[in-house]
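>
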Amino acid sequence: VVAEQVAAGERGIIGVMLESFLVDGRQDLTDLAHLTYGQSVTDACMGWEMTVPVLQELAAAVRARRALSGQEGRELATSQA
Numbered sequence: 012v013v014a015e016q017v018a019a020g021e022r023g024i025i026g027v028m029l030e031s032f033l034v035d036g037r038q039d040l041t042d043l044a045h046l047t048y049g050q051s052v053t054d055a056c057m058g059w060e061m062t063v064p065v066l067q068e069l070a071a072a073v074r075a076r077r078a079l080s081g082q083e084g085r086e087l088a089t090s091q092a
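Position one of the sequence shown corresponds to residue 12 (my numbering), numbered consecutively onward.
Here it is, written out as structure tokens:
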């Protein structure tokens, strides 16, 4: 839904927060010897396999919004170094 709004030209959305980690879900700190590497011990998170396509969809939405406003090809100054 957010990507659709951005792609449609919504300028009020300038960022998103994704809860993401290498492994999806979360785990309790009950047995430290058996923790899963890359899995959150706080909030439940998306795994990497879900994160990648979400970021790709959001990036495509930003490109579409830039095309609507005539700003295609515009990059952040830091990426032009």
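We put the CB at the ideal spot given by N, CA and C, even for glycine.
A quick note: this is a predicted structure, and the numbers were derived from the prediction, not measured.
For R37, I'd like the list of residues in its chain whose CB is within less than 8 Å of its CB, leaving aside the five on either flank, ordered along the chain.
Position 26 of the sequence shown, counted from the first residue, corresponds to residue 37. Counting only Cβ-Cβ distances below 8 Å, and skipping sequence neighbours, we find Q50, S51, V52, T53, D54, A55 and C56.
> Taking the C-alpha atoms as reference points, what is the distance between T41 and E15?
Walking along the sequence shown from the start, residue 41 turns up at place 30. Walking along the sequence shown from the start, residue 15 turns up at place 4. Answer to the nearest angstrom: the Cα atoms are 41 Å apart.
> May I have the straight-line CA-CA distance separating G26 from A70, to the nearest angstrom?
Counting from one through the sequence shown, the residue named residue 26 turns up at place 15. Counting from one through the sequence shown, the residue named residue 70 turns up at place 59. About 11 Å.
> How many angstroms separate the CA atom of R22 from the CA atom of H45?
Against the sequence shown, residue 22 aligns to sequence position 11. Against the sequence shown, residue 45 aligns to sequence position 34. About 45 Å.
> Run the CB neighbour count on A19, radius 10 Å, all protein chains shown included, and call it buried at 16 or more, exposed below.
Counted from its first residue, the sequence shown places residue 19 at position 8. Under this definition A19 is an exposed residue.
> According to the neighbour-count rule (16 or more other Cβ atoms, all chains shown, within 10 Å of its Cβ), is A72 buried or exposed?
As a first step, residue 72 must be located in the sequence shown, where it is residue number 61. The residue is buried, with at least 16 neighbouring Cβ atoms inside 10 Å.
> Please check the pair V13 and I24, which I expect to be a contact at CB under 8 Å, by giving their CB distance rounded to whole angstroms.
On the sequence shown, residue 13 is found 2 positions in, with the first residue counted as 1. On the sequence shown, residue 24 is found 13 positions in, with the first residue counted as 1. With 8 Å as the limit, V13 and I24 qualify as a contact, their Cβ atoms being about 6 Å apart.
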